[in-house]
Amino acid sequence: MLNGVLKFFLLCCLSMQIILTAYAEDKSHWLKNEPIFPIPNVTGLDVKKVALGKRLFHDANLSANGTVSCASCHALANDGVDALTVSVGINGQKGNRNAPTVLNSSLLYRQFWDGRVTTLEEQVSEPLTNPAEMAGNWKDALHYIRSNALYKKAFSESYGRDATKTTVSHAIAEFERSLLTPNGAFDRYLKGDEGAIDMPTKRGYQLFKSFGCVSCHQGVAVGGNFYEKLGVVIPYFKEDPAIQQDLGRYQISFIEEDKFEFKVPGLRNVARTAPYLHDGSIETLDEIVKIMAKHQLGRIITEKETTEIVKFLHSLNGELNAN
């Protein structure tokens, strides 16, 4: 137990160090001396590459039978998710994890629930080649892209050559980096607009901090900075043996301590991206707030506390393409 507590403490320290380093050069993002920072506007991206990446992101022809695209599981009109318990891939195959939102994914330090890739570029290959998702391969995908006159022109203009695995991955990643959602109510509050959120929302935020939720959920993404065991204080999986087969990080690292550890999700737009948890088993914010309070913090919280924390979480909704 002591080792687990020490590990949790060190992870929190590491997370805060990441945040401090990221914002050391621009103190204007750290307003009100709070552990959560406003999402910045999108800057520095190549407009042509973003447009090319957007087209690829929505192109189902990259899948084996032309039926599934990145947008199939990450619909922008639906806040970057499919609202399903687990996603459905080619030929109706179901995955084993809930699809996280693609919005603000560039703010996370790893991708996927088990954090198996570091960059958005690396992430592109996973669904493209997964037999239960798009079931494609790079040889066929590149043949299709290079044979398309519009793509050929776009890659020549943006990269000065025909499409390659590297340039296709970069274009899609560049588009995903454009999917920030700044200017939410809580961000406006952090920037000094006291009236951007009401008193119940402010009380919810104070509870979020005083209960210790910010130990895992802080920074620009309000999470996404490290891994944590699901059930830090009270084991979660013992209550439902049917879902114990997903061992989280352990399936990548094979380290015993990593069993049931997952990347801490960012909470931006969380009110719009149900269902929750890695398996999509929790349908409402109220329910997941109570579960997290119990299993991660060892608290049984009241209905009023739950309602106010949920109001705070709603204030984390932002505006896509607001800049």
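If you want the working numbering, it's the position in the sequence shown, counting the first as 1, plus 905.
From the three backbone atoms N, C-alpha and C, an ideal C-beta is built for every residue, glycine too.
Problem - Range of the contiguous beta strand (DSSP E) that encloses E1161 - result: Unbroken run through E1161: none, as it is neither H nor E.
Practice task
Quick one: give me the first and last residue of the alpha helix (DSSP H) that Y1141 is part of.
Solution key: Segment: none, Y1141 is in no alpha helix (DSSP H) and carries neither H nor E.
Practice task
Give a yes or no on whether the C-beta atoms belonging to H963 and A982 are separated by under 8 angstroms.
Solution key: no
Problem - Cα-Cα separation, P1032 to T990 - result: 17 angstroms
Problem - Range covered by the beta strand (DSSP E) that runs through K1134 - result: Y1132 to K1134
Practice task
Would you mind reading off the limits of the alpha helix (DSSP H) that contains L1233?
Solution key: There is simply no residue 1233 to check, as the chain begins at 906 and stops at 1228 in what is shown.
Handout entry: Enclosing alpha helix (DSSP H) for P1105 [first to last residue]
Key = M1104 to S1115
Handout entry: In DSSP terms, what K1168 is bridged to
Key = Y1132
Handout entry: 7 angstroms CB neighbourhood of T1177 in its chain, flanking five on each side removed
Key = The question names Thr, but residue 1177 in the sequence shown is Arg. If we look at R1177 and ignore the five residues flanking it on each side, its Cβ neighbours are D984 and N1222.
Handout entry: CA-to-CA distance, R1204 to P940, given in whole angstroms
Key = 21 angstroms
Practice task
Keeping to the same chain, check which residues put their C-beta closer than 6 angstroms to that of E1027; ignore five residues upstream and five downstream.
Solution key: none
Problem - Cβ distance (whole Å) where R1051 is taken to contact A1068 below 8 angstroms - result: 6 angstroms
Handout entry: Simplified DSSP assignment, three categories, for A980
Key = strand
Practice task
Rounded to whole angstroms, what's the CA-CA distance from T1024 to R1108? Just pull it up for me.
Solution key: Spanning the two alpha carbons is a distance of roughly 36 angstroms.
Practice task
Throw me the rounded Cβ distance for the D1184 and N1035 pair, which I believe falls under 8 angstroms.
Solution key: Actually they do not touch by this definition, with Cβ atoms about 17 angstroms apart.
Practice task
Please work out which residues of its chain come closer than 7 angstroms, Cβ to Cβ, to L1013, disregarding the five sequence neighbours upstream and downstream, and give them in chain order.
Solution key: A1126, G1129 and G1171
Problem - Any chain D beta carbon closer than 8 angstroms to L1152 - result: Of the chains in the structure shown, none is chain D; there is only one protein chain.
Exercise for the section: Name the two residues that bound the continuous alpha helix (DSSP H) containing T1212. Expected result: E1208 to H1219
Practice task
Using the DSSP secondary-structure output, state which residues sit across from I941 in a beta bridge.
Solution key: Answer is G1124, bridged to I941.
Practice task
Would you tell me roughly how many angstroms separate the C-alpha atoms of A980 and D987, rounded to the nearest one?
Solution key: 6 angstroms
Problem - Selection from W1043, Q1201, T972 and G971 that minimises the alpha carbon distance to C1121 - result: Q1201
Practice task
Could you check what DSSP says for A1076 in three-state terms: helix, strand or coil?
Solution key: helix
Handout entry: Under 8 angstroms between C-beta atoms of E1081 and S968
Key = no
Practice task
Please determine, among S992, E1062, K1044 and S1063, the residue with the shortest C-alpha to C-alpha distance to A1037.
Solution key: S992
Exercise for the section: Let me know the secondary structure DSSP gives G1041 once reduced to three states. Expected result: coil
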